[in-house]
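In what follows, a structure is listed as structure tokens, so that the remarks can point back to it.
Given below as structure tokens:
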């Protein structure tokens with residue numbers, strides 16, 4: 001009987017530590033990135049410079065091409081950002097494959113236009129020629 005209980009406990013431990021189904025996957029692996037520094041992403045008549053600053057301070061930039069109207073639509077279309085719709089618009093959770101999980105790590109993605117903290121959400125910001133858009137991870 002003790003062996004059966006020990007076996008059940010061992011199996012439960014393996015399931016807890018290895019199963020991980022339903023948990024958020026660490027998407028910060030370089031293999032998960034949509035773009036690398038200097039890439040051109042997407043297709044379309046409009047283009048803009050986009051950069052991301054990670055928690056370690058490293059920055060990557062790309063050129064985004066699109067026919068979409070807003071920055072958010074262009075970034076979503078190209079798989080660069082994901083998020084959830086909320087009462088204030090799109091709440092961005094991942095940028096270039098990197099998750100910011102406020103509930104677990106107290107980090108979030110902040111949106112910037114020309115290096116200034118944006119006063120509009122990414123999903124409501126119309127693409128304007130010559131403007132540079134970015135996300136930085138914050139705490």
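In the working numbering, the protein residues as written are 1 to 139. For every residue, glycine included, the Cβ atom is placed at its ideal position computed from N, Cα and C. Bear in mind the structure is a predicted one, so any value in this text is a computation, not a measurement.
- Taken through DSSP and simplified to helix, strand or coil, residue 74 comes out as helix.
- Listed as beta-bridge partners of residue 64 by DSSP are 41, 48.
- Around the Cβ of residue 123, a 10 Å sphere holds 16 or more other Cβ atoms; the residue is buried.
- The C-alpha of residue 64 is placed about 15 Å away from the C-alpha of residue 114.
- Residue 105 carries a helical assignment under DSSP once its states are collapsed to helix, strand and coil.
- Across the structure, residue 108 and residue 70 are spaced so that their CA atoms are roughly 21 Å apart.
- DSSP, read as helix, strand or coil, puts residue 131 in coil.
- Rounded to the nearest angstrom, the Cβ distance from residue 58 to residue 50 is 15 Å, too far for a contact under 8 Å.
- Contact between residue 34 and residue 40 fails: their C-beta atoms lie close to 12 Å from each other, not under 8 Å.
- Counting every other CB atom within 10 Å of its CB across the protein chains shown gives residue 53 a total of 16 or more, marking it as buried.
- Sorting 77, 87, 79, 96 by C-alpha distance to the C-alpha of residue 135 places 96 at the top.
- DSSP lists 109 as the bridge partner or partners of residue 137.
- Around the C-beta of residue 119, fewer than 16 other C-beta atoms lie within 10 Å, and the residue is accordingly described as exposed.
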